[in-house]
Amino acid sequence: MNPLTKWQGIVGEQNILTSSEHLERYTANVTGIERSIQAVLLPESTEQVQKIVAIANENKTPLYPISSGKNWGLGDRLPVQSGATIVDLKRMNKIHRVDPHHGYAVIEPGVTQKQLYEYLREHNLPFIINITGAGSDTTFVGNAMDRGIGYYGSRVDSMSGLEVVLGNGEVLRTGFGHYLNSKTTYLYPHGVGPSLEGLFFQSNFGIVTKVGMELIPHKDSHAYLSCSLKNPNNLEAFVDILTDLRQRNIVRTTFHISNDHRSEINACPLLYNYFLKEGDDKETSKRKAVELFNSIKSCWSASCGLLGTKSYIKDAYEHTKQALKGIGSVKLWTFSSLKKQQKIAQRLSFLPSYRLKKALLATLEPPLGHSRGIPSNDALNSIFWPLNKIPQDLIEPAQQNCGKLYVLPLVPMSGEAFGEVVQITTNILHDKFGFTPYITMNMAKDKVFESVINIAFHRDDPHQVQKAHNAITEVNRQFVTSGYIPYRVGIQAMSEIISSQDYHWQIVAQLKDILDPNKIISPGRYNLV
Ligand SMILES: Cc1cc2nc3c(=O)[nH]c(=O)nc-3n(C[C@H](O)[C@H](O)[C@H](O)COP(=O)(O)OP(=O)(O)OC[C@H]3O[C@@H](n4cnc5c(N)ncnc54)[C@H](O)[C@@H]3O)c2cc1C
């Protein structure tokens, strides 16, 4: 019997998609990459996933699991190799429980940022979530499977007790999860003996169907710190100062450092929407947004959320201000200080300068919200803005022919390394290929920056698509040559980091033989096979 007929018997007719219309929707993407897929399966339980994998093994046909498939700019929903059947886990979206004492949630892969945020609010649970800027409907598990990084740092570090359907069809529970009465499955990731959970992030050994995820306890106070650099010549000093503040624990959270281009594509759509709401037409709104942004922009800016006691926040602010004296300015915002300023601006809005101030204050709401674990779709407009295609209502990014590709080198936390990465980026992406580089570097841990560098291009112009791919390939190679190895790559760039000559990757391929001998799960994803 054909595997599609067998899978249909498992998930039901309505949960297997094979029409060309559906397949086109699943293969639409912002990267300009083409891959074909066989079908899409929408299971609702671990048991169904197990049966799907068993049938795939019988038929030696590959599967590609996604949690919501919004891996924009890195492959979206596409498999690394053509020919796979997508296993979309969006229906597996149960929040099994939130432990209010120890502060973790046990969730399935389809649970979205919005869903968990609303759950915590509804149940009055005193936690915030480490959200990403990727939008309300993206998932924790899918993001972690690519070792994604949230506003407050690595998602992977917060996960434990993975339930995985291996490529061989068996279910593995990592950490202490395989002991029947374990009380610590979601409190300590390693278990006893070799720690296996690390095998399932950025790999192709299994389908993760459940995880435990730590939540961030609500602290007494919350604030948002924003710093602006005055002169680009002081960039390295600026970075060294912020590094020092973090490494001495004066600021305990993650600084996000962005160039002006990146700030522009985040802020301008917010200003544009603000002016539209105020009644301006599209052209006027766009012009006013750009003019206002240009009047306040700084070459580089940094921001972070502060969580703690009132005195910790005050100290962190004062120290940062003191440390950046002469080279940058620092502002501290809370929701209440923002509201107060907005009221004043509203009262004085008969004056043109206060009308502009009101617009600028509106742009602070989303970042303040992110720093407090409130997900939003605002950052998604950064995909559309550079190509002048801002939609009226938010739509799937792939629908507007907007192109986006990312390169994500990991960088030691120092001004010198930061400067070198910016230089390589500018030389290749801008000077050689003519793209505007949008750069953010996030303090992923105490010692490294995760760089998020992207370019935008018109996906309906094959020449531009090719040029964008050439540019990203070249900059990726230069980063590898210079020792700034990407911590994560798009599906088109696996071969840039994987080599059959490298013993590390040979061992990874041998693990595949044990855990997925028929090479069913995501062939070629972070693996030679
Ligand atoms: C404007 C913008 C902002 C962004 N901000 C961020 C950010 O702040 N941080 C960040 O890290 N990324 C960010 N991204 C990148 C990306 O969009 C996010 O990482 C997003 O969360 C990934 O989508 P997803 O959750 O649907 O994961 P998916 O696309 O479902 O998963 C990603 C990959 O993981 C694997 N996978 C997924 N689920 C499973 C599973 N259950 N078992 C085994 N393998 C699985 C698959 O190979 C899949 O392709 C951003 C992108 C854009 C365009």
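Just so we're on the same page, this note's numbering is the position in the sequence shown counted from 1, plus 12. Even for Gly, the Cβ is constructed at its ideal location relative to N, Cα and C. Small disclaimer: the values here were computed from a predicted structure and weren't measured.
Closer than 7 Å: residue i CB and nearest ligand 1 heavy atom
{"i": "Arg264", "result": "no"}
{"i": "Val220", "result": "yes"}
{"i": "Ile78", "result": "yes"}
{"i": "Asn193", "result": "no"}
{"i": "Asp158", "result": "yes"}
{"i": "Leu282", "result": "no"}
{"i": "Trp84", "result": "yes"}
{"i": "Ser534", "result": "yes"}
{"i": "Val153", "result": "yes"}
{"i": "Arg328", "result": "One point to set straight first is that residue 328 is Ala, not Arg, in the sequence displayed. No, the Cβ of Ala328 stays beyond 7 Å of every heavy atom of ligand 1."}
{"i": "Lys416", "result": "yes"}
{"i": "Pro121", "result": "yes"}
{"i": "Arg260", "result": "no"}
{"i": "Leu178", "result": "no"}
{"i": "Gly145", "result": "yes"}
{"i": "Gly224", "result": "no"}
{"i": "Arg537", "result": "yes"}
{"i": "Ser394", "result": "yes"}
{"i": "Ile161", "result": "yes"}
{"i": "Thr448", "result": "no"}
{"i": "Leu208", "result": "no"}
{"i": "Leu101", "result": "yes"}
{"i": "Ala391", "result": "yes"}
Alpha carbon of residue i to alpha carbon of residue j, nearest angstrom
{"i": "Asp458", "j": "Pro535", "result": "34 Å"}
{"i": "Val342", "j": "Glu290", "result": "30 Å"}
{"i": "Ser310", "j": "Arg109", "result": "44 Å"}
{"i": "Tyr191", "j": "Trp517", "result": "31 Å"}
{"i": "Val168", "j": "Leu540", "result": "23 Å"}
{"i": "Ile219", "j": "Leu336", "result": "47 Å"}
{"i": "Leu420", "j": "Lys106", "result": "31 Å"}
{"i": "Glu330", "j": "Cys316", "result": "14 Å"}
{"i": "Val42", "j": "Pro387", "result": "22 Å"}
{"i": "Thr332", "j": "Arg274", "result": "23 Å"}
{"i": "Gln513", "j": "Leu372", "result": "53 Å"}
{"i": "Glu508", "j": "Leu101", "result": "29 Å"}
{"i": "Thr151", "j": "Ile262", "result": "31 Å"}
{"i": "Val492", "j": "Gly210", "result": "23 Å"}
{"i": "Phe362", "j": "Lys369", "result": "12 Å"}
{"i": "Phe2", "j": "Tyr324", "result": "What is shown of the chain runs 13 to 541, which leaves residue 2 out entirely."}
{"i": "Asp473", "j": "Gln412", "result": "13 Å"}
{"i": "Ile519", "j": "Leu344", "result": "49 Å"}
{"i": "Thr39", "j": "Lys242", "result": "44 Å"}
{"i": "Ser215", "j": "Trp312", "result": "35 Å"}
CA nearest to the CA of residue i, picked from the options
{"i": "Ile339", "options": "Ala468, Val99, Ile253, Ala521", "result": "Ile253"}
{"i": "Ala357", "options": "Ile141, Tyr366, Ser349", "result": "Tyr366"}
{"i": "Lys326", "options": "Ser194, Ser233, Pro244, Lys294", "result": "Ser233"}
{"i": "Arg264", "options": "Ala410, Leu227, Ser240, Leu319", "result": "Leu319"}
{"i": "Glu295", "options": "Glu248, Leu208, Lys401, Ser240", "result": "Lys401"}
{"i": "Ile49", "options": "Pro91, Pro498, Met104, Gln127", "result": "Pro91"}
{"i": "Phe139", "options": "Gly427, Gly205, Ala117, Tyr499", "result": "Ala117"}
{"i": "Phe250", "options": "Asp292, Ala521, Phe430, Gly95", "result": "Phe430"}
{"i": "Asn271", "options": "Lys300, Ala314, Ser207, Gly145", "result": "Ala314"}
{"i": "Gln504", "options": "Met425, Tyr198, Ser94", "result": "Ser94"}
Buried or exposed by the 16-neighbour rule on C-beta atoms within 10 Å, applied to residue i
{"i": "Thr17", "result": "exposed"}
{"i": "Leu463", "result": "Strictly speaking, residue 463 in this sequence is Ser, with Leu absent from that position. By the 10 Å Cβ count, Ser463 comes out buried."}
{"i": "Glu276", "result": "buried"}
{"i": "Tyr515", "result": "exposed"}
{"i": "Thr321", "result": "exposed"}
{"i": "Ile451", "result": "buried"}
{"i": "His114", "result": "exposed"}
{"i": "Gln478", "result": "exposed"}
{"i": "Arg133", "result": "exposed"}
Neighbourhood of residue i by C-beta, 6 Å cutoff - its chain only, sequence neighbours within 5 removed
{"i": "Phe469", "result": "Gly415, Gln476, Ala480"}
{"i": "Leu184", "result": "Val176, Leu178"}
{"i": "Leu378", "result": "First, the residue type needs correcting, since residue 378 is Pro and not Leu in the sequence shown. Ser388, Asp390, listed in sequence order."}
{"i": "Gly165", "result": "Thr266"}
{"i": "Val61", "result": "Pro55, Val177, Ile219, Thr221"}
{"i": "Lys63", "result": "Ile22"}
Same chain, Cβ closer than 8 Å to residue i, neighbours up to 5 away in sequence not counted
{"i": "Ala51", "result": "Leu16, Trp19, Ile28, Leu29, Thr30, Leu35, Thr97, Ile98"}
{"i": "Ile143", "result": "Gln125, Tyr129, Gly162, Tyr163, His382, Gly385, Ile386, Pro387"}
{"i": "Ile436", "result": "Val487, Gln490, Phe491, Ser494, Tyr496"}
{"i": "Leu422", "result": "Ala456, Val460, Phe461, Glu462, Ser463, Tyr496, Ile497, Pro498, Tyr499"}
Residues near residue i in its chain [Cβ-Cβ closer than 7 Å; skip 5 each side]
{"i": "Thr375", "result": "Ala279, Leu282, Leu283"}
{"i": "Thr532", "result": "The question names Thr, but residue 532 in the sequence shown is Ile. So the qualifying residues of the chain are Val65, Ala68, Asn69, Pro74, Leu75, Gly179."}
{"i": "Phe212", "result": "Leu174, Val176, Gly218, Val220"}
{"i": "His230", "result": "Pro138, Phe139, Ile140"}
{"i": "Leu399", "result": "Cys414, Ala468, His470"}
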